Amino acid sequence: MTQDGRSSAAEPPLPSGERDGVRAGATPGRLPARLHSLIRQRFALPPSPPRGEGKTPRRFRKLKTAASVLAVSAIAATTALALYVRSLPPLDLSAAADRSTVVLDREGKLLRPFLTADGRWKLPVTHDDVDPRYLAMLKAFEDKRFDDHPGIDPLGMLRAAGQMLINGRIVSGGSTLTMQVARLLEPREERTLAAKLRQAVRAVELERRFDKARLLDLYLTLAPFGGNLEGVRAASFAYFGKEPKRLSTAEAALLVALPQSPETRRPDRFAEAARKARERVLARVEQAGLATSDEVAAARNEPIPTTRRPFPSLSPHVAEQAVAEAPAERVQKLALDARLQAALESLARERSLGLAPQVSIAILAVDNETGEVRASVGGVDYFAAERAGSLDLTRALRSPGSALKPFIYALAFDNGIAHPETMLEDRPARYGIYIPENFDMTFQGMVSARKALQLSLNVPAVELLSALGPQRFVSRLRDAGVAIALPKEGGAPGLAVGLGGLGITLQDLTRAYVGLARGGEMLPLRFRPTPVPVLSPHPEKPRSGVSKDAPERPQASFETRSASAPQDEGSHGYPRLVDPVAAWYVADTLLGAPPPLNAVPGRIAYKTGTSYGYRDAWAVGFDRRHTVGVWVGRADNGAVPGLVGRAVAAPILFDAFARLGIDPRPFPQPADAIVASTGHLPPPLRHLRQDVPKTVMAMTTPALKLAFPPDGARIDLSAAALDGRGQLNLKAAGGSPPYTWLVDGAPVTEPQRRRETQWLPPGKGFMRISVIDATGASESVSVRLQ
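Under my numbering, the sequence shown is numbered contiguously, ending at residue 867.
What follows is the structure, encoded as C-alpha cells:
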C-alpha cells in the first residue's frame, strides 16, 4: 500500500466483491497477511474518478472528430482552390489596352478622339485626370475599404450573404472595385457563385500584380456608362461636354451611379431611373460626410442630361492625317493650340454666314520661330456636303492671284534690280501678246516700288518680273522648298506666273510668308511638336542666349518639305529664299499696306490676292511671332462674282490676328539695309532700267476675247449679295476700245474704254453674253445664272 492508502502497481487486484482485503461476509483480519496481499494485487479495481468527470473523454472525442473533419475539409478546399487557380488561364489585359485613339494639342488638350475598331468610345484616363471628389464618392458608394483590403472584402461578402438570406434574393454582390475590374476584364453574363469565385480569385491576382492607383485607373477606363461609352472620361464628354477633372457634386454622383446598371440608367433614355440612382449616391455621400446638406440639396436640383453631346472635333483634317500616318499610336500629340484652333474655326463659321452656301474658308496659323502649325482650319464645316467639308482646303492647289507679288519684289531687291524707293512706270505696256492691266483698270504713272506693292499694281510687278525672269522666279521658289504647279501645257513659265498663272496651296504660300518673317530663311511646316532650338527670325539681331550654330535638320514626319535640294542655306541650316535685307524691305513695305475697313493700320505686314475669274480670295499676313494665311472660295473651283481678296479675305485675316494676339514689336532692321529716298539712292537704283528691246509682236494688237465669264460657266449670283441679286462682272481682253456689251443681242452698256464693267441681271437662267470692240470684232459666251 502506498502512503495515500492506494494499492501499488505491483499489488494484485482483489477478487470481485472484496474491498480493502475483506471478503464479503468474513471478519476482517482473519486471513494471513501474505494471502491478503496476493488477493489485492490480483483483483485490485481501478480508482474511482472524481465526481463529475466521467463524461469528459466522450466530449473530447466529439470535438476531436469535428476538428479532424474541419481540417480535412479545409485541406480539401485549399487543394481544390489551388487546382482551380492553376486551371485558370493567364489574366488577359487586352481589354484595358484596347482604347480609342486620341489626338491632343501641344498642351495635352483633347482635339479629337476616334472610335475603337468595334465602335466604342474608350478614352485613356488615369486617376490624376479625374476630380478627387468623384474618386472619394466612388469609394464611399462602391468600396469604402478599397485602400485596405487585398482584393476581396470579407465584411462586404458577409453583408451581402446576410441580405440574400433575409430577402431571399441577391440584394448586393459584395464585390469590391478590384473584383469589378476582374469582371470587366473577363466579362460573363451569369451571376453565379462560380462566377463570383472567379472574380475573387482574379481580384487577388490583380492586387498582387498592381498597386491601388493602377487598379483605380483600370476601373476608370473599363467601367461601362451606357451605349458605346466606356470609361469615366468618355462619359463626362458625352453627358457634360467636358473633361472629368472638375465635376459638380451632381455630375460626380451621376457618374458613380451609372456603371451599376449602365443600360437601364442611361440618362439620354431613362432620365428618371438615372435621377433615382443619383439620389441614392447623394444620400450615401451626405452620410459619409463628403458633402454638406446644402451641397446635396443643390445637387438634387440639377437637371439630368437627357441628350448626349458630340465629342470634340477640332481640326478634323489634321487629326485624320496624323492617325493615317501612324495608325498604331493610340495617343497622337500635335503642335496645334486647341484654344486658338477653336477660335479660328468659330471665326470661319461666323464669316461664312455672309457668303454663299457653296463658299468655304480655310485658315492656317504658324509660329515663325519653330514652323509649328498652331491652327489649321481646312473648311467651314467638316460635315457640310455643299461645301465639301471633308476636304482639307489648306492643301488644295489654287491660283494665288497677286499673293506672290511680294516674292517678285523680294527677289528683285535681293538681286540688286530695285530698291523699295526705286521708281517704276505704271502705264500701258505690252510684252509680246501679253498686256498686263491693273485690277481697277487705271494707271498711276510713276510710282515707287514700295507704293506699287502696297497698292498691288499689276503692271509694275510684271515689269520687275520681266527684269528678273519668270523662270528664275519659279526656280528660286522651288529651290527654297515652295511647291509650285505650272500649267499642264508645259513650256517655259511666262510673265503670267507673277499674277497667279500657277498653282500653290495655302500651306505652301503661308510657309513662304513665314520665310519672309524669318529674314528669308525657310522652315518646313511642322504639325507635330519637334524639339528644335528656338531660332531668331532675324539672324542679324538674335535674341540673347540663342546660338547661331546650325542645328541638325529635323527629320520628323508630318512636315511640308521640298523634294529638291536647296541651292542656298541660311545660318541655321535651312534653305534661304532671299537675304535678310531683301526680306526686311518687303516686310517693312507690307506693314504700310492700307488695311481693310475698320482695321488699324501698321499692325501686321500683309498681302491679298484674287485669282482670275473670281475663284479664289487670299490674304496672308505676319508679325514677329506668327504668320496667318486665309483662303476663301469654292471647293469645286467655281467662280464667285465679287470674291475679292481685299474685301473678303483681308477682314478675316485681321480678325484672326485679333484672336491670336498681335506682337507689337517692329521688325528689326538689318545693319546693311539702305534707308533713303529715291534721290539719295545710287543712280542704278533710282529707276528701273529699260534695256529690254521691243519686238515686232509687241506692235500687234491681240484678238478680242471675252475673259469673264467663261463659256459654259454656271455662276451663283447669291454669292455676290445677301439678297441673291448680285451684279455680274464682265471683262474683255485684247481688242481695241471702246467696248460694247450685249446680252441676248440687246446692248446693256454704252460704249466704254474700260475692259471691265458690271451688269445687274434681271433674273436667273441661260443667257448669251457678247462684247464688240471698235473694229467690229466680237466674242460671245453662253452662261447659266443661278
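We put the beta carbon where it would ideally sit given N, CA and C, even for glycine. In this text the structure is predicted, and so the values were computed from the model without any measurement.
TODO: Indicate the three-state DSSP secondary structure (helix, strand or coil) for His761 in the structure shown.
DONE: Helix at His761.
Task: Inter-stretch contact at 8 Å, needing at least 3 Cβ pairs: the stretch 562-571 / the stretch 527-535 - done: Inter-segment contact for the stretch 562-571 and the stretch 527-535 is absent: fewer than three beta-carbon pairs are separated by less than 8 Å.
Task: Limits of the alpha helix (DSSP H) - the one that Phe222 falls within - done: Where Phe222 is concerned, the enclosing alpha helix (DSSP H) stretches over 213-223.
- [ ] Counting only the same chain and skipping the five closest in sequence on each side, list residues whose C-beta sits under 6 Å from that of Pro501.
- [x] So the list reads Ala530, Arg531, Tyr666, Thr670, once near-sequence residues are dropped.
Task: Nearest-angstrom beta carbon gap, Val313 and Pro305 [assumed within contact, 8 Å] - done: Rounded to whole angstroms, the Cβ separation of Pro305 and Val313 is 11 Å, and the two are not in contact under 8 Å.
Open item on the list: Closer than 8 Å is the cut-off here; do at least three beta carbon pairs connect the stretch 838-856 with the stretch 807-814?
Closed with: Taking 8 Å as the limit for Cβ pairs, the verdict is that the stretch 807-814 does touch the stretch 838-856.
Open item on the list: Between the alpha carbons of Ala338 and Pro386, how many angstroms are there, rounded?
Closed with: Cα to Cα, Ala338 sits roughly 14 Å from Pro386.
Open item on the list: Excluding the 5 residues flanking Leu587 on each side, which residues of the same chain have their C-beta closer than 6 Å to its C-beta?
Closed with: So the list reads Ala443, Leu445, Thr475, Gly710, Trp712, once near-sequence residues are dropped.
Open item on the list: Please give the ranges of any alpha helix (DSSP H) in the stretch 376-452, keeping only runs that are unbroken, at least 4 residues long and fully inside the region.
Closed with: Those alpha helix (DSSP H) runs which fall completely within the stretch 376-452 and span 4+ residues are 397-406, 419-433.
Open item on the list: Please return the same chain residues whose Cβ sits closer than 6 Å to the Cβ of Arg705, not counting the five positions on each side in sequence.
Closed with: Same-chain partners within the cutoff: Asp744, Arg746.
- [ ] Find the nearest neighbour of Thr689 within the set Ala730, Val211, Thr451, judged by alpha-carbon distance.
- [x] It is Ala730.
Task: Buried/exposed call for Glu538, threshold 16 Cβ in 10 Å - done: Reading the sequence as shown, one finds Leu at residue 538 and not Glu. Result: buried.
Open item on the list: Can you check which of these residues, Pro397, Thr146, Arg201, is closest to Ala423 by C-alpha distance?
Closed with: Minimum Cα distance to Ala423 is reached at Pro397.
Open item on the list: I'd like the span of the alpha helix (DSSP H) that includes Glu332, first residue to last.
Closed with: For Glu332, the enclosing alpha helix (DSSP H) begins and ends at 330-338.
Task: Alpha-carbon to alpha-carbon, Asp825 and Asp956 - done: Shown here, the chain extends from 82 to 867; a query on residue 956 therefore has no answer.
Open item on the list: Let me make sure I understand the geometry here. Which of Asp292, Ala316, Lys293 has the alpha-carbon closest to that of Leu303?
Closed with: It is Ala316 whose Cα lies nearest to the Cα of Leu303.
Open item on the list: Does Gly600 come out as helix, strand or coil in the three-state DSSP assignment?
Closed with: In the structure shown, Gly600 sits in coil (DSSP, three-state: anything other than H, G, I, E or B).
TODO: Rank Ala334, Pro340, Glu344 by C-alpha distance to the C-alpha of Ala378 and give the top, closest one.
DONE: Looking at the Cα atoms, Ala334 is the closest of the given residues.
Task: Classification of Pro481 by the beta-carbon crowding that lies within 10 angstroms, buried from 16 upward - done: Burial call: buried.
- [ ] Identify the continuous alpha helix (DSSP H) that holds Lys532 and give its terminal residues.
- [x] Run containing Lys532: 530-535, per the alpha helix (DSSP H) assignment.
Open item on the list: I'd like to check one pair, Val578 with Leu505: are the Cβ atoms closer than 9 Å?
Closed with: Leu505 is not a Cβ neighbour of Val578, given a cutoff of 9 Å.
Open item on the list: If you follow the beta strand (DSSP E) that Asn810 is in, where does it begin and where does it stop?
Closed with: Its beta strand (DSSP E) spans residues 809-814.
Task: Given Pro509 as reference, the closest of Ala491, Val543, Ala752 once Cα atoms are compared - done: Relative to the Cα of Pro509, the nearest Cα in the group Ala491, Val543, Ala752 belongs to Val543.
Open item on the list: Considering Cα atoms alone, identify which of Thr708, His768, Pro832 is closest to Ser457.
Closed with: Nearest C-alpha to Ser457: Thr708.
Task: Endpoints, alpha helix (DSSP H) assigned at Ile733 - done: Taken as a continuous stretch (DSSP letters only), the alpha helix (DSSP H) holding Ile733 covers 731-741.
Open item on the list: If you measure between the beta carbons of Pro194 and Phe392, is that distance less than 9 Å?
Closed with: The Cβ atoms of Pro194 and Phe392 lie closer than 9 Å to each other.
TODO: Note down, in chain order, each residue of its chain lying with its Cβ closer than 6 Å to the Cβ of Arg865, except the 5 sequence neighbours on either side.
DONE: Once the five neighbours on either side are set aside, the close Cβ partners of Arg865 are Arg795, Phe847.
Open item on the list: The alpha helix (DSSP H) that contains Ile489, what's its start and end?
Closed with: First-last of the alpha helix (DSSP H) with Ile489: 486-495.
- [ ] Name, in chain order, the residues that DSSP records as bridge partners for Met848.
- [x] Among the bridge pairs identified by DSSP, Met848 is matched with Val864.
Task: Through-space distance from Leu192 to Lys323, alpha-carbon basis - done: Going by the C-alpha atoms only, they are around 12 Å apart.
Open item on the list: Strictly under 9 Å for the Cβ-Cβ distance: is Pro551 near chain B by that measure?
Closed with: The structure shown contains no chain B; it holds only a single protein chain.
Open item on the list: Rounded to the nearest angstrom, what separates Thr856 and Val862 at their Cα positions?
Closed with: Rounded to whole angstroms, Thr856 to Val862 spans 19 Å at the Cα level.
Open item on the list: Cutting at 8 Å between CB atoms, please list the residues of its own chain near Lys786, excluding the five before and the five after it.
Closed with: Taking Lys786 as the centre and dropping the five residues before and after it, the same chain places the C-beta of Ala813, Ala814, Gly815, Gly816, Glu860 closer than 8 Å to its C-beta, in chain order.
Task: Three CB pairs or more closer than 8 Å across the stretch 343-362 and the stretch 405-418 - done: No, the stretch 343-362 is not in contact with the stretch 405-418.
Open item on the list: Residues in the same chain with beta-carbon distance under 6 Å from Tyr463, minus the five sequence neighbours each way, listed in chain order, please.
Closed with: When the five nearest sequence neighbours on each side are left out, the beta carbons in the same chain lying within less than 6 Å of the beta carbon of Tyr463 are those of Pro397, Gly470, in order along the chain.
Task: Straight-line Cα distance separating Asn449 from Pro605 - done: If you take the alpha carbons of Pro605 and Asn449, they lie about 11 Å apart.
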